[in-house]
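Following: one structure in structure tokens, then a few remarks.
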Amino acid sequence: NAGVTQTPKFQVLKTGQSMTLQCAQDMNHNSMYWYRQDPGMGLRLIYYSASEGTTDKGEVPNGYNVSRLNKREFSLRLESAAPSQTSVYFCASSEAGQGGGYTFGSGTRLTVV
Amino acid sequence: QKEVEQDPGPLSVPEGAIVSLNCTYSNSAFQYFMWYRQYSRKGPELLMYTYSSGNKEDGRFTAQVDKSSKYISLFIRDSQPSDSATYLCAMIRSGGYNKLIFGAGTRLAVHP
């Protein structure tokens, strides 16, 4: 069981470069999420997709865009990377309305220099 | 002020100790409460899930929710070195589209 798969696992970018973080889930979940995790800050929601075809901003959306490509895939794009976006990024999915039960991927460690 | 407050620790205990981890929150609309465990360089995994006030027990783990005090706890009995991880509390508001709001996480080390 793959669960939630994120690629790449590690990435180093130069300031101003762009990249897309990929996420795919095989659990037929309706909802998908992107979080970033920084020391002492916990996980903060960047964007989420309640269902296929919809996306909404979370707590810290500035500098990011997302695409819900289909039910399985939800990508996160950094158009012009900044050092403040150095973080660990987690994708998660859940069955809408369950009130919990997120499944997380293993994360992407991004460093912007 | 953060919606969910959690002491980041670190917390260091000897093997076999009872561990108490806590979070407080400010929004009375939170109805679903969870604890996630995160090992180093891994994604969080769901450990306990409770709805509204009360206790829930699963093996060595007990989750407590006191909505009147806006306070949740996770107790670990007979702690083991394999319990060494970061523990994150998380909660969802009613009508919150399943969006989890996390505490900062408490780092726990259980030494033999």
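Same order as they appear, the protein sequences are chains A and B. Note that the first sequence ends on residue 137 in this note's numbering; no numbers are left out. Note that the second sequence ends on residue 118 in this note's numbering; no numbers are left out. We put the CB at the ideal spot given by N, CA and C, even for glycine. Since the structure is predicted, the reported quantities are computational estimates derived from the model, not experimental observations.
By a C-beta neighbour count over all protein chains shown, 10 Å radius and 16 as the cutoff for buried, is residue i buried or exposed?
i	result
B:I5	A question about residue 5 of chain B goes unanswered here, because the residues of chain B that appear run from 7 up to 118.
B:R43	buried
A:Y88	buried
B:Y45	exposed
A:H53	buried
B:T112	buried
B:S88	exposed
B:S100	exposed
A:L93	exposed
A:A106	exposed
B:I24	exposed
B:V116	buried
A:S55	buried
B:Q70	buried
B:A4	Chain B is shown from 7 up to 118; residue 4 of chain B falls before or after that span and cannot be answered.
Between residue i and residue j, what straight-line distance do the alpha-carbon atoms span, to the nearest angstrom?
i	j	result
B:E51	B:D72	23 Å
A:F34	B:F67	34 Å
B:Q37	B:K76	11 Å
A:V84	A:I70	5 Å
A:S75	A:Q49	13 Å
A:K95	A:R133	25 Å
A:V137	A:L102	14 Å
B:C95	B:P14	11 Å
B:E11	B:N61	20 Å
B:S58	A:G40	45 Å
A:L27	B:M54	Correcting the residue identity first, residue 27 of chain A is Gly in this sequence and not Leu. Looking at the two C-alpha atoms, the distance is approximately 19 Å.
A:S73	B:P118	43 Å
B:A91	B:F39	19 Å
Residues of chain B with CB closer than 7 Å to the CB of residue i, please, in chain order.
i	result
A:Y72	K105
Give the interface partners of residue i over in chain B, defined as CB-CB distance under 9 Å, in chain order.
i	result
A:L69	K105, L106, I107 and F108
A:Y126	M40, Y42, P50, L52, A96, N104 and L106
A:S130	R47, K48 and G49
A:F114	G49 and P50
A:G1	Absent from the model: residue 1 of chain A. The displayed extent of chain A is 25 to 137, so no value can be given.
Going along chain B in order, which residues have a C-beta closer than 8 Å to the C-beta of residue i?
i	result
A:G77	Those do not exist, as A:G77 stays about 15 Å from chain B at its closest Cβ, beyond 8 Å.
Residues of chain A with a CB under 7 Å from the CB of residue i: which are they?
i	result
B:Y60	Checking the sequence shown, residue 60 of chain B turns out to be Gly, not Tyr. In chain order: nothing, as chain A lies at least about 15 Å away.
B:G111	G66
B:Y77	Chain A residues near B:Y77: none, gap ~17 Å exceeds 7 Å.
Please compile the residues from chain A whose C-beta is within a distance smaller than 8 Å of the C-beta of residue i.
i	result
B:P14	G64
B:G65	Ordered by position in chain A, no residue passes the 8 Å Cβ test against B:G65, which lies about 18 Å from the chain.
B:Y93	Correct list: empty, because the minimum Cβ distance to chain A is about 11 Å.
Quick one: measure Cβ to Cβ for residue i and residue j, integer angstroms, because I've assumed they're closer than 8 Å.
i	j	result
B:S26	B:F81	6 Å
A:T44	A:G129	Contact flag wrong, Cβ pair sits at about 15 Å.
A:S111	A:Q61	6 Å
B:L106	B:Y93	So it is not a contact: roughly 15 Å between Cβ atoms.
A:R68	A:Y59	6 Å
| Whole beta strand (DSSP E) elements within the segment 58 to 95 of chain A, 3-residue minimum | 66 to 73 and 88 to 92
| message | Suppose only complete runs of 3+ residues qualify. What are the beta strand (DSSP E) ranges in the segment 64 to 90 of chain B, listed by chain order? | response | 67 to 72 and 77 to 82
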